[in-house]
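Written out below as structure tokens is the structure these notes cover.
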Amino acid sequence: MAVMNLYNRRAEIINAYHWEKALQDITKPDIVNFRSWLLKQYSRDQSRKVLSSLHSVMLEMVSRGHIGHDPALGVRIQAEAPEIEVPSHVEVKKILRAADELAKAPHYQIREAWKRYRPMIYLAVASGMRPQEYVALSRRDVLNNGIRVSQAMDRSGKIGTPKSRAGYRVIDVGPEVIAMIRDFMEKDGHPDDLVFGTRTGKPMQLVPFRASAWAPVMKKAGLMVKDSETGKEHPKYTPYALRHFFASCLLMKNCDIKYVQAQMGHARAALTLDTYGHLLPSMDDARAATTRALVGELLST
């Protein structure tokens, strides 16, 4: 029913446009004009979906013999590269507080599950690790002064080596989080055992993690938003947002870019700057003041 409503809404948008020609007379320039109208009236994402639906309609008309070709062929709206969304300090505090509360839930099963999820959330905040890295964390890689990244989960859900040499790294993690992880770990486990593995020792898969840990903690934190099309609630951020938060904190603390690169596991410093450089607008004034003062300092000596 929900899917049908979505398509009905797209049909309404298509019909709302003032088509000046009959269906069989529509040409590619007409579709281009329709695309321009869509982008003025609706969001880029919704416009792209409506144009895709029109393309499907045209293909159906071709298959039924009503028109000779699809005039919408090749007329597209490229999806925008998603902007990096960084939670605020206040929002991250809400997430951590929610994890604390879930770990103390009156319901036994919830409380037991959050014995594992809570240190995972804290580790994500304190290390900037990728989700596929912290679900693959082994006991031997929990160090006294940080976390070593030596393996990661691939797209098939299997544990293997990091995708690049830069992925192998040691991340400086505070003693509070290290202690939290060690409190959770079984005292007699094997060094190769996964820290956050399932009861059978298998790696926790990312989709169940999002459903059973991330969505509940975001809901508890009051960080849910509604989808503009479906009206359904979903987390405001993905688990990856905690990685972005970590990177932004390092940069805002004026950490050297090479250090940030190493901590994030980026192959090149340029990648770090390309990804997170826009998070440093507050430094512009200080840099400008330094530049303007340069000649004055020379003249004063």
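Position 81 of the sequence shown, counting from 1, maps to 81 under full-length UniProt numbering, and the rest follow consecutively. Just so you know, even glycine gets a beta-carbon here, dropped at the ideal spot from N, CA and C.
Report the rounded CA-to-CA distance for Thr272 versus Ile257, giving the unit in angstroms.
Within the sequence shown, numbered from 1, the residue matching residue 272 stands at position 272. Within the sequence shown, numbered from 1, the residue matching residue 257 stands at position 257. Whole-angstrom Cα-Cα distance: 8 Å.
Does the beta-carbon of Arg69 have 16 or more other beta-carbons within 10 angstroms, so that it is buried, or is it exposed?
Position 69 of the sequence shown, counted from the first residue, corresponds to residue 69. In the sequence on display, residue 69 carries His and not Arg. The residue in question, His69, is exposed, as its Cβ has fewer than 16 Cβ neighbours within 10 Å.
Touch check for the region 213-231 and the region 56-74: three-plus C-beta pairs under 8 Å?
no
Compute the distance between the beta-carbons of Leu96 and Val125, then report whether it is under 8 Å.
Your numbering for residue 96 matches position 96 in the sequence shown. Your numbering for residue 125 matches position 125 in the sequence shown. The answer is yes: Cβ separation under 8 Å.
Only counting runs of 4 or more residues, tell me where the alpha helix (DSSP H) segments fall wholly within the region 126-156, in order along the chain.
131-134
What residue range does the alpha helix (DSSP H) around Ile95 cover?
Stepping through the sequence shown from its first residue, residue 95 is reached at position 95. First-last of the alpha helix (DSSP H) with Ile95: 89-102.
The beta strand (DSSP E) spanning Lys49 covers which residue range?
The count along the sequence shown starts at 1 and reaches residue 49 at position 49. Taken as a continuous stretch (DSSP letters only), Lys49 belongs to no beta strand (DSSP E), being part of the alpha helix (DSSP H) at 44-63.
Measuring straight from C-alpha to C-alpha, what distance separates Asp172 and Met58?
Here residue 172 refers to the residue found at position 172 of the sequence shown. Here residue 58 refers to the residue found at position 58 of the sequence shown. Annotation: Asp172 to Met58 spans about 56 Å, alpha carbon to alpha carbon.
Where does Val195 land, buried or exposed, given buried means 16+ other C-beta within 10 angstroms?
Position 195 of the sequence shown, counted from the start, is the residue given in the question as residue 195. Classification for Val195: buried.
Let me know the secondary structure DSSP gives Val86 once reduced to three states.
On the sequence shown, residue 86 is found 86 positions in, with the first residue counted as 1. Reduced to three states, the DSSP call for Val86 is coil.
Would the beta-carbon of Met153 fall within 8 Å of that of Arg243?
Locating residue 153 in the sequence shown gives position 153, counting from the first residue. Locating residue 243 in the sequence shown gives position 243, counting from the first residue. Contact: no.
Specify the secondary structure class of Pro29 as computed by DSSP and reduced to three states.
Within the sequence shown, residue 29 is the residue found at index 29, counting from 1. In the three-state reduction of the DSSP assignment, Pro29 falls in the helix class.
According to DSSP, is His107 helix, strand or coil?
Mapped onto the sequence shown, residue 107 falls at position 107. Of the three classes helix, strand and coil, the one that applies to His107 here is coil, per DSSP.
Distance CB(Leu251)-CB(Leu206) smaller than 8 Å:
Working through the sequence shown from its first residue, we reach residue 251 at position 251. Working through the sequence shown from its first residue, we reach residue 206 at position 206. It is not a contact, given that the beta carbons lie outside the stated cut-off.
According to the neighbour-count rule (16 or more other Cβ atoms, all chains shown, within 10 Å of its Cβ), is Gln109 buried or exposed?
For the purposes of this step, residue 109 is taken as residue 109 along the sequence shown, with counting starting at 1. Counting every other CB atom within 10 Å of its CB across the protein chains shown gives Gln109 a total below 16, marking it as exposed.
Look at the alpha carbon of Val135 and the alpha carbon of Pro203, and state the distance between them as a whole number of angstroms.
Residue mapping note: residue 135 aligns to position 135 of the sequence shown, counting from 1. Residue mapping note: residue 203 aligns to position 203 of the sequence shown, counting from 1. Each residue's Cα considered, the two are about 7 Å apart.
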